[in-house]
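Pasting the structure below:
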């Protein structure tokens with residue numbers, strides 16, 4: 012069995028990998044996303060102080076980071092999209108500079124936080140880009156608050172936390188590290204925010220629990236993305252795509268769960284194409300049989 016220290020090291024590595032692999036195009040001259048005193052603000056909502064930043068002008072584009080991440084992990088997306096959109100980016104509860112409560116957070120609670128921010132800023136229906144847990148939050152927003160969403164793009168999202176959706180090695184890691192978190196809290200260790208990690212890993216271990224019927228109720232267009240070596244099983248990503256009423260699918264070749272950081276050019280271009288213009292779902296049979304889609 013792996014030692015507690017090895018499990019801890021692996022956990023910290025996975026949580027940090029996106030930030031470590033940010034492209035060199037995000038330079039020291041760029042704004043310090045996630046710690047920008049000129050634009051950073053707090054909003055008191057649902058029992059917490061939620062930290063957020065806004066950049067640019069245009070149609071609103073909301074960027075939602077993943078588990079264990081923060082605004083800084085979306086730096087490559089902020090830099091790319093800010094010239095064309097009004098960027099709204101925040102630290103989800105129990106992440107970054109945002110607060111938390113003793114109540115165990117869920118995707119429903121986190122979705123309510125983000126919608127409260129959208130309403131506070133008096134935004135029209137927004138475009139959402141969610142990575143990993145941010146994708147799960149985005150799907151929950153689109154399902155529960157359809158009037159707040161124009162369209163959304165999700166990367167590495169899942170409907171359940173079990174082995175039908177997530178590769179077994181990741182399920183095992185979450186289980187192992189959840190036990191390590193409990194040991195660290197019991198020992199009174201304060202070298203990490205173990206209480207916040209406990210809430211984050213509860214999400215990874217127990218949620219989401221969105222049914223196919225609930226997913227199918229989403230009417231906004233959705234771009235479903237994953238790497239071909241993602242944490243999420245390829246067949247689960249395809250299932251999400253096939254269940255949605257309006258969807259596009261992008262499986263990135265030679266990529267992982269961390270494509271927004273490791274290949275932001277590919278990721279951003281794919282999202283940008285989907286976000287611009289009117290949603291269109293062409294059919295191959297149209298090119299063969301014409302607009303009727305039927306053989307003669």
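In my numbering, the protein residues as written are 12 to 307.
The C-beta atom is built at its ideal place from N, Cα and C for all residues, glycine as well.
For residue i, the three-state DSSP class (helix, strand or coil)
i           : result
residue 300 : helix
residue 63  : strand
residue 216 : helix
residue 56  : strand
residue 48  : coil
residue 250 : helix
residue 242 : coil
residue 121 : helix
residue 38  : With a pLDDT of only 40 at residue 38, under the threshold of 50, the placement of this residue in the model should not be trusted, and no figure is reported.
residue 307 : Any reading at residue 307 must be qualified, since the residue scores a pLDDT of 37, below 50, and its modelled position is unreliable; no value is offered.
For residue i, the first and last residue of its enclosing alpha helix (DSSP H)
i           : result
residue 328 : Nothing about residue 328 can be reported from this structure: the residues present for the chain run from 12 to 307 only.
residue 87  : 86–92
residue 277 : 275–286
residue 144 : 144–155
Nearest residue (CA-CA) to residue i, options the options
i           : options               : result
residue 257 : 233, 147 and 71       : 233
residue 57  : 102, 121 and 82       : 121
residue 97  : 81, 79 and 71         : 71
residue 77  : 140, 50, 136 and 134  : 140
residue 292 : 86, 278 and 252       : 252
residue 185 : 158, 203, 206 and 215 : 215
residue 61  : 110, 183, 281 and 270 : 110
residue 227 : 134, 157 and 126      : 157
residue 107 : 279, 204, 50 and 194  : 204
residue 90  : 133, 288, 296 and 279 : 279
residue 132 : 66, 79 and 206        : 66
residue 85  : 276, 302 and 287      : 276
Cross-strand partners of residue i (DSSP beta bridge)
i           : result
residue 291 : Per DSSP, none; premise fails for residue 291.
residue 270 : DSSP lists no partner for residue 270.
residue 259 : 234
residue 73  : 99 and 139
residue 111 : DSSP lists no partner for residue 111.
residue 162 : 138
Same chain, Cβ closer than 7 Å to residue i, five either side skipped, listed in chain order
i           : result
residue 63  : 52, 54, 99, 100, 101 and 128
residue 171 : 219 and 220
residue 274 : 266
residue 223 : 254
residue 217 : 172
residue 209 : 192 and 196
residue 149 : 75, 139, 141, 163 and 165
residue 123 : 57
residue 47  : 64
residue 316 : In the structure displayed, the chain extends from 12 to 307; residue 316 sits before or after that span and is not available.
residue 225 : 154
residue 43  : none
residue 285 : 164, 234 and 259
residue 211 : 78, 79 and 105
Extent of the continuous beta strand (DSSP E) run through residue i
i           : result
residue 97  : 96–101
residue 176 : Segment: none, residue 176 is in no beta strand (DSSP E) and carries neither H nor E.
Same chain, Cβ closer than 8 Å to residue i, five either side skipped, listed in chain order
i           : result
residue 243 : 167, 168, 169, 176, 177, 178, 237 and 268
residue 125 : 73, 75, 101, 103, 148 and 152
Own chain partners of residue i with C-beta closer than 6 Å, once the 5 adjacent residues on each side are dropped
i           : result
residue 147 : 118, 168 and 219
residue 103 : 121
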